[in-house]
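Trainee:
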Amino acid sequence: MIIEALEVVFLFVTALMIAYLIRHYIFTLTVLRKAKKAKVDVVVNAKYEPTVSILIPARNEEKVIGRLLQRIAELTYPHDKLQVIVIDDASSDSTGRIADEYSSKYAFIEVLHRENSNGGRGKASAMNAGFKCATGEIVLCFDADYYPQKVIVEKLTKEFADPHVGAVQGRVVVLNEPQNMVTRLVALERIGGYRVDQEARDDLGLIAQFGGTVGGFRRSVLASLRGWDESILAEDTDLTFRVYLAGYKVRYVVDAECYEEAVDNWKAYRQQRYRWARGHMQCCFKHSLKVLKSKNLRAKEKVDGLLLLNVYFMPLVVLLSFIIGIPLIFFESSKLVGALWFSVPISFYSFVGNFAPFFEVGIGAYLDGRTRTQWLIPLLIFTFFYNIPICAKAFLDLLVSKIKRKDRSIWVKTSHLGNGNCYIVN
Amino acid sequence: MIPNLTSMIIILIVATPILILILFLPALLELKKPKDRGPRMIMESIPEVKTRTVHVIHIANIEKEQKFDSSLIQTMTKIIEVLPNLEV
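Protein chains in written order, with this note's numbering: chain A, 1 to 426; chain B, 427 to 514.
This is the structure:
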């Protein structure tokens, strides 16, 4: 009886993993098929040139904020239609002073200083403060460690000519990739996520995700949604689903590219992924039922939305499959499993995890012309297993906080050291 | 219980290191002597902006710049074409 029960659970978790496996393979094939088509020139309608506000939240970013603001000054978008708001979020270093220097040089750059009394409460809080000062029709966001293309504003804003578009997202490229093994593996993950996963979701009309930076919103939509939810750690995912539930779409613009400085040690990696995992799980609890019941989402968007919301539970599903699957190897199989002989290869997939994301990374690297970096893909198995305890802790912490009704999520900021400067080619 | 458990364990002990070596050898070689080109170059230049009602920005062909092997991709996509249309 117990064995049969374990087998049913095992087959259920295997079915879940197969759902993600199929999803990832569909994405990979979609992008491959698109790569075959001739590259289409970007058409920009000069009649559509809205006013744009760029929000840059910055807390103790003295090593990178100057680099970004210098780049902002070089943007090709008409400066008389640009408003840049640097939110100095209770910084204790020279971030505020550096931002003030650029503000004094360039009229379209403003600085909002927050003190300890009202600042330092996380990115969402800083963004809401900045949003109150924003006047542009489009509101874009860049993190302080980012380094965008000069034409990125044109590329992002052109999508808003479609009135159904509520938000956009550009592509993130890791700048300090060669620094060490951590940065190289993070870069691989980014390649899979942005070159294949996001692009396929956009092409298939699924849930393209706003990633919190290198993207933005139609100001009226953001205002109707009342800005960022400060109680959610993954405020970007939360906004993504709120945009879709409100009847708008998020567009992914693969050629709107921006460099980022990736985490360069395993502790920072763990903290960042913990924040993403816990925040994503918060969004899952908040939006799953709404997604199912929404009349603004098509069936395929609902399916993809649910898979996206639950993606950070997958490492826990893999862990469960290990815990159940290994003992089942040693027990005599029941008639149930005997009839389902195909569970053997499925069990193998479950044991080693879901390989489909690795195919995404491989194809993404190939499409980028980075065949040599594909040699590092087997190392992603370690990050995959490293994410299991991270997601498990995030889930347990979230459960405890829900039970205690004290969901006070603490934002642990990623430190940026400006390590990518040596790789910038002008 | 699975028969010949002892032999199975012996096979695992012998085969596992070999499999691990095969799996990770390329990665170790790349880490030891990196030959990857490094961060992807993001596009900067706008060669031409025409002042007409519809402006066209010609983006340089990244794939050609990086000697992208389009023939191999075409072969793979020809194989994919026989699959059902995956777009809903």
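C-beta atoms are modelled at their ideal positions from N, C-alpha and C, and glycine is treated no differently.
#1: With burial defined as no fewer than 16 other Cβ atoms inside 10 Å of the residue's Cβ, what is the status of Val253 (chain A): buried or exposed?
#2: Grab me the residues of Ile232 (chain A)'s own chain with a C-beta within less than 8 angstroms of its C-beta, minus the 5 sequence neighbours each way, in chain order.
#3: Looking at C-alpha atoms only, which residue of A:Ile390, A:Gly166, A:Asn176 and A:Glu189 is the closest neighbour of Leu225 (chain A)?
#4: Quick one: list the residues of chain A neighbouring Ala453 (chain B), beta-carbon separation under 8 angstroms, in chain order.
#5: Between Ile98 (chain A) and Ile56 (chain A), which are expected to be in contact by the criterion C-beta below 8 angstroms, what is the C-beta distance as a whole number of angstroms?
#6: In chain B, what lies closer than 7 angstroms to Asp368 (chain A) by C-beta?
#7: Please classify Trp266 (chain A) as buried or exposed, where buried requires at least 16 neighbouring CB atoms within 10 angstroms.
#8: With contact counted as at least three CB pairs below 8 angstroms, one residue from each stretch, are the segment 246-264 of chain A and the segment 156-173 of chain A in contact?
#9: Which stretch, first to last residue, makes up the beta strand (DSSP E) that contains His113 (chain A)?
#10: Which runs of the beta strand (DSSP E) spanning at least 3 residues fall entirely within the segment 129-204 of chain A, listed in chain order?
#11: In chain order, which continuous runs of the alpha helix (DSSP H) of length 4 or greater are located wholly inside the segment 219-283 of chain A?
#12: Quick one, are the C-beta atoms of Ala268 (chain A) and Ser92 (chain A) less than 8 angstroms apart?
#13: Could you name the residues of the segment 168-181 of chain A whose beta carbon sits closer than 9 angstroms to any beta carbon of chain B, in the order they occur along the chain?
#14: Of the residues A:Leu320, A:Leu69, A:Arg201 and A:Glu154, which one's Cα is nearest the Cα of Ala15 (chain A)?
#15: Would you say Pro460 (chain B) lies against chain A (beta-carbon separation less than 8 angstroms)?
#16: Short check: CB of Cys391 (chain A) to CB of Pro315 (chain A), under 8 angstroms?
#17: Along the segment 245-265 of chain A, where does the CB come closer than 8 angstroms to a CB of chain B? Name the residues.
#18: In angstroms with no decimal places, state the Cα-to-Cα distance between Thr95 (chain A) and Val111 (chain A).
#19: Relative to the alpha-carbon of Gln169 (chain A), which residue among A:Asp236, A:Thr51 and A:Glu62 has its alpha-carbon at the smallest distance?
#20: What residue range is occupied by the uninterrupted alpha helix (DSSP H) comprising Leu445 (chain B)?
Mentor: Reading off the structure:
#1: Taking the first residue of the first sequence as position 1, residue 253 (chain A) is located at position 253. Buried, since its Cβ has 16 or more Cβ neighbours within 10 Å.
#2: Start at 1 with the first residue of the first sequence, and residue 232 (chain A) comes out as number 232. The answer, listed in chain order, is Ala124, Asp238, Gly279, Gln282, Cys283, Lys286 and Ser409.
#3: Taking the first residue of the first sequence as 1, we reach residue 225 (chain A) at position 225. The residue among A:Ile390, A:Gly166, A:Asn176 and A:Glu189 with its C-alpha nearest the C-alpha of Leu225 (chain A) is A:Gly166.
#4: By 1-based counting over the second sequence, the position of residue 453 (chain B) is 27. Within chain A, the residues near Ala453 (chain B) are Trp375, Leu376, Ile377, Pro378 and Leu379.
#5: For the purposes of this step, residue 98 (chain A) is taken as residue 98 along the first sequence, with counting starting at 1. For the purposes of this step, residue 56 (chain A) is taken as residue 56 along the first sequence, with counting starting at 1. Not quite, the Cβ-Cβ distance comes to about 12 angstroms (not below 8 angstroms), so this is no contact.
#6: Sequence index remark: in the first sequence, residue 368 (chain A) carries index 368 (1-based). Within 7 angstroms Cβ-Cβ: Arg466.
#7: Start at 1 with the first residue of the first sequence, and residue 266 (chain A) comes out as number 266. Here Trp266 (chain A) is exposed: its Cβ has fewer than 16 other Cβ atoms, across all protein chains shown, within 10 Å.
#8: Note that the segment 246-264 of chain A touches the segment 156-173 of chain A; at least 3 beta-carbon pairs, one per stretch, sit closer than 8 angstroms.
#9: Mapped onto the first sequence, residue 113 (chain A) falls at position 113. Where His113 (chain A) is concerned, the enclosing beta strand (DSSP E) stretches over Ile109 to Arg114.
#10: Whole beta strand (DSSP E) segments, 3+ residues: 138-141 and 165-174.
#11: Runs of the alpha helix (DSSP H) inside the segment 219-283 of chain A: 219-224 and 235-245.
#12: Counted from its first residue, the first sequence places residue 268 (chain A) at position 268. Counted from its first residue, the first sequence places residue 92 (chain A) at position 92. Cβ atoms of Ala268 (chain A) and Ser92 (chain A): not closer than 8 angstroms.
#13: Along the segment 168-181 of chain A, the positions whose C-beta sits under 9 angstroms from a C-beta of chain B are Arg171, Val173, Val174, Leu175, Asn176, Glu177, Pro178 and Met181, read in chain order.
#14: Counted from its first residue, the first sequence places residue 15 (chain A) at position 15. Selected option, being the one with the closest Cα: A:Leu320.
#15: One-based indexing of the second sequence puts residue 460 (chain B) at position 34. Yes, contact with chain A.
#16: Taking the first sequence and counting its residues from 1, the one referred to as residue 391 (chain A) is at position 391. Taking the first sequence and counting its residues from 1, the one referred to as residue 315 (chain A) is at position 315. The Cβ-Cβ distance between Cys391 (chain A) and Pro315 (chain A) falls below 8 angstroms.
#17: Across the segment 245-265 of chain A, CB contacts with chain B closer than 8 angstroms involve Asp255, Glu257, Cys258 and Tyr259, in sequence order along the chain.
#18: As a position in the first sequence, residue 95 (chain A) is number 95, starting the count at 1. As a position in the first sequence, residue 111 (chain A) is number 111, starting the count at 1. Rounded to the nearest angstrom, the two C-alpha atoms are 10 angstroms apart.
#19: Residue 169 (chain A) sits at position 169 when you count from the first residue of the first sequence. Taking only the C-alpha atoms, the option nearest Gln169 (chain A) is A:Asp236.
#20: On the second sequence, residue 445 (chain B) is found 19 positions in, with the first residue counted as 1. For Leu445 (chain B), the enclosing alpha helix (DSSP H) starts and ends at Leu431 to Lys458.
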